[in-house]
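Down below is the structure, laid out as structure tokens.
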Amino acid sequence: MSNVATKKLQPLHDRVVEANRSLADKGLLRKRVKVMLDPEHASCFEVDDLPYINFSSNDYLGLSRDPNVIEALYSGAKDFGAGGASSPLVIGYNQAHQQLEQALCNATGHEAALLFCSGFTANHALMKTLFNDSDQVLTDKLVHASVIDGLQDSGATLKRFIHNDVASATHNFERHAPCAVITESVFSMDGDVAPLAELSALCKQNGAWFIVDDAHGFGVIGDNGMGASAVAEGIDIDAQVVTFGKALGGQGAAILGSRELIEYLVANARQYIYSTALSPANAAAVTASIDTIINTPQLNQKLQANIATFITSCDAASIELTGSCTAIQPIIIGDSARTLAIAKRLKEHGFWVGAIRPPTVAQGSARLRVTLTAEHCEEDIHAFVAVLADILQDQ
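Positions 63 to 457 (the working numbering) are the ones given, in order, by the sequence shown.
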């Protein structure tokens, strides 16, 4: 019997076990960790009764624990109930959702917004619904998996340009005449910022749409922290995806754009039509987070100060960084097993850091993904860098 035939006859259970074993042998089997949060210290938690200082959170401004945001969540649940209760097209859309959509539009300058329960769903819905098999779409080489999956499901022809390389994007325009360019504002694994103004100008010059996944930028970059659309004058974004689980400290996501785009998605996006609406309590909490970011700029100022402290401390300790100026500070190790070993040793010293391996990043580029927040103090940052420097020197 051929290998193909054998695989077809293999029971599902055996296939699952074999796949798990293969991933484990390569150091790539992902597992969940049960975390016990410390109610007194936002940057700390416990795992198996051991305390850790957290350098792996996307809660960049600490808003998931902000008293005003928590109170808004509580009040939203009392006023509107805990769950969405129905699809938005039935009875699941109420004033809490409308208020959040308006707050997002006020913050970004877009005409309309559409709420989703996750950033992955929002990106996938936008890509799959907007494009079809007659389209050519150009993306940065490192865009998020949700963008890639959505484009593949749409049937569009996907072309990629070299990461953050405007010359490469220009060359691809000349060759393929894409109808849209897609990038992230801040890249989730590298922490670098896209050349948004240049890509926007390129799209305007060629009559193409400019789409930005602003998951890791909204709340921390741009004027008043309002993300990609506020980075510089003249940046025109046709569709902007904002997620609530990073700097906003909540849950869910939104697509922002013209009224025509949002009306089109309401009528056609299957992920929106056939899903229960975002919890109105979550919507109320995120609205409070936006207000807090606008009215409390010192939160972002503290985050930026902590980023500068980390970079300076690493430079003094001869730890090589990638040049990121954002809260995401990758330290490239290369080998997956060595990356896991370093992360394990950091945990032995009480520091929790993400060990990112393929396929999330390219082969040979496994890394420690250090993330800074406004909740960190200078002492913890310096202590972490000192321990990391010792470990790297021993490796």
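Glycine included, C-beta positions come from ideal geometry on N, C-alpha and C.
Around the beta carbon of R431, 16 or more other beta carbons sit within 10 angstroms, so the residue counts as buried.
By the Cβ neighbour-count rule, T384 is exposed, with fewer than 16 other Cβ atoms within 10 Å of its own.
Take the alpha-carbon of A144 and the one of G396: they are about 44 Å apart. Looking at the DSSP output, C106 shares a beta bridge with I115. G396: member of the beta strand (DSSP E) spanning I390 to G396, first to last residue.
Excluding its 5 nearest sequence neighbours in each direction, W271 has C-beta neighbours in its own chain below 8 Å: C241, A242, V243, C265, D300 and A301, listed in chain order.
Here K221 carries a strand assignment [DSSP, helix/strand/coil]. DSSP assignment within the stretch 300-336 yields the following whole alpha helix (DSSP H) runs of 4 residues or more, N-terminal first: 321-330 and 332-335. The secondary-structure analysis by DSSP pairs L430 across a beta bridge with I393 and A417.
Taking C-beta separations shorter than 7 Å and ignoring five residues to either side along the sequence, the partners of L365 in its chain run Y122, L123, V282, A389, L434, T435 and A436, following chain order.
In the three-state DSSP reduction, A339 falls in the coil class, being neither helix nor strand. With 16 or more other CB atoms across the displayed protein chains lying within 10 angstroms of its CB, D442 is buried. S341 sits close to G146, with the two beta carbons spaced by under 7 Å. DSSP, reduced to helix, strand and coil, places T232 within a helical segment of the structure shown.
The shortest C-alpha to C-alpha distance from A403 to any of R77, R83 and G89 is the one to G89. In the three-state scheme derived from DSSP, where H, G and I count as helix and E and B as strand, A174 is classed as strand. Inclusion of R429 and I393 in the CB contact set at 7 Å is warranted, their separation being smaller than that value. According to the DSSP assignment, A207 belongs to the alpha helix (DSSP H) that extends over A207 to S216. A169 is not a Cβ neighbour of M251, given a cutoff of 7 Å.
Within the DSSP bridge table, the entry for M98 names E108 as partners. If you ignore the 5 residues before and after V449, its C-beta comes within less than 8 Å of the C-beta of L408, H411 and F413, all in its own chain and listed in chain order.
Out of D215, V205, S196 and L166, the CA that lies nearest to the CA of M189 is found in D215.
Counting the other CB atoms within 10 Å of its CB gives L166 a total of 16 or more, which places it among the buried residues. Look at D353 here: in three-state DSSP terms it is helix. Looking at the backbone, the Cα of L135 and that of A451 are separated by about 41 Å. Taken through DSSP and simplified to helix, strand or coil, F280 comes out as coil. With a 10 Å radius around the Cβ and a threshold of 16 neighbouring Cβ atoms, V95 comes out exposed. With respect to L176, I317 sits close: the two C-beta atoms are nearer than 7 Å. Around the Cβ of A378, a 10 Å sphere holds fewer than 16 other Cβ atoms; the residue is exposed.
Counting the other Cβ atoms within 10 Å of the Cβ of Y114 gives 16 or more, which makes it buried. C376 and V274 do not touch by the CB rule: their CB atoms are close to 29 Å apart, not below 8 Å.
Assigned with DSSP and collapsed to three states, Q425 falls in coil, not helix or strand. Beyond the five residues adjoining it in sequence on each side, N234 comes within less than 6 Å, by CB distance, of L200, K221 and F223 in the same chain, given in chain order.
Taking a contact to require three or more Cβ pairs closer than 8 Å, the stretch 191-200 and the stretch 335-350 do not qualify as touching.
Closest option to L310, judged by alpha-carbon separation, among N120, P150, H438 and A239: N120. Excluding five sequence positions before and after E163, the CB atoms of its chain that fall closer than 8 Å to its own CB belong to A174, A175, L176, L177 and A316, given in chain order.
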